[in-house]
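In my numbering, the protein residues as written are 1 to 241. Glycine is no exception: its CB is placed at the ideal position from the N, C-alpha and C atoms. I have placed the structure first, in the form of structure tokens, so that the comments after it can refer back to it.
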Amino acid sequence: MSANIHTVISPAIHYWGTPVVLISSENEDGTSNIAPMSSAWWLGHTCVLGLAAESKTTQNILRTNQCVLNLPSDSMGEYVNKLADTTGSSSVSAFKISAGYKFVKDKWTKAGLHPQPSSFVNPPRVAECPVQMECQVVSSNKLMSDAPDRHGFILAIEVRVLRVHILQNLRMEGYPNRVDPDKWRPLIMSFQEFYGLTDRKLTMSSLSRVNEEQYRPIAKSDVKKFPGDDDDQIAAAEGGA
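This is the structure in structure tokens:
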């Protein structure tokens, strides 16, 4: 059969390739939990997280309305692997038991990661991650409403990014609030395997001609002020990269 002929398949999962995120959240006793996931996407200062309703991370986020989204680089796969089959729930579900998950209370020690204090939220940042985003919950929606027996198994949680912390060497020279995409190398998950980006642009993007600052008014409210709203001005005043 020719390779350029489309065929019909039914993948069990649709992980077409998205950045890995280490989510830090606060447990009931004030300790913190870290969990890897890759069902996340951003628009403006909003991020949508796809999470299982039963997970400890989901429960923590919905209880506290806070989390930190830590983005590992493509060199951090070993840290993610140490967390991948762990759960912060002492009561492990039958599914997770069958998949080899085990309860781990102190995931920081398990993964060899270190916490950093956050500015606006209680959960700490992951020091080893080049990018860290402090977030607050905006809303939560149950998915699969068209399947009554599965409705609510998975949630889409909308969060607002309050503050971004980034390694200095990832900032674009001459721009106080831009990330240099030639330097940022996220860890990508595609169908449960780790990948990275190439070390060069594949082709010129027509959208690259648009000044990124033109998008800022979309994310900044005219009627409500949020923590971190002035970080763009602070960064500019401090002299940028």
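Going by DSSP, Trp108 is part of the alpha helix (DSSP H) stretching over 107-111. Using a Cβ distance threshold of 8 Å, Val161 and Ile34 do not count as a contacting pair. When the five nearest sequence neighbours on each side are left out, the beta carbons in the same chain lying within less than 7 Å of the beta carbon of Lys220 are those of Asp229, in order along the chain.
Annotation: Gly50 to Leu155 spans about 6 Å, alpha carbon to alpha carbon. In the three-state reduction of the DSSP assignment, Ser98 falls in the helix class, which pools H, G and I. Fully contained in the stretch 44-89 are the following alpha helix (DSSP H) runs of length 4 or more, in chain order: 56-64, 77-84.
In the DSSP annotation of this structure, the continuous segment of the alpha helix (DSSP H) that includes Ala219 starts and ends at 216-219.
Checking the DSSP bridge columns, you'll see Thr18 partnered with Met189. Here Val137 is bridged, per DSSP, to Val159. The C-beta of Tyr79 has 16 or more other C-beta atoms within 10 Å across all chains shown, which makes the residue buried. According to the DSSP assignment, Ile34 belongs to the beta strand (DSSP E) that extends over 32-37. With 16 or more other CB atoms across the displayed protein chains lying within 10 angstroms of its CB, Val131 is buried. It is roughly 11 Å from the alpha-carbon of Ile13 to the alpha-carbon of Ser39. One alpha carbon belongs to His114, the other to Trp108, and they sit about 6 Å apart.
The residues Asp74, Arg185, Pro186, Leu187, Ile188, in chain order, have a CB closer than 8 Å to that of Gly196 in the same chain once the five nearest residues on each side in sequence are set aside.
Checking the DSSP bridge columns, you'll see Ala40 partnered with Leu49.
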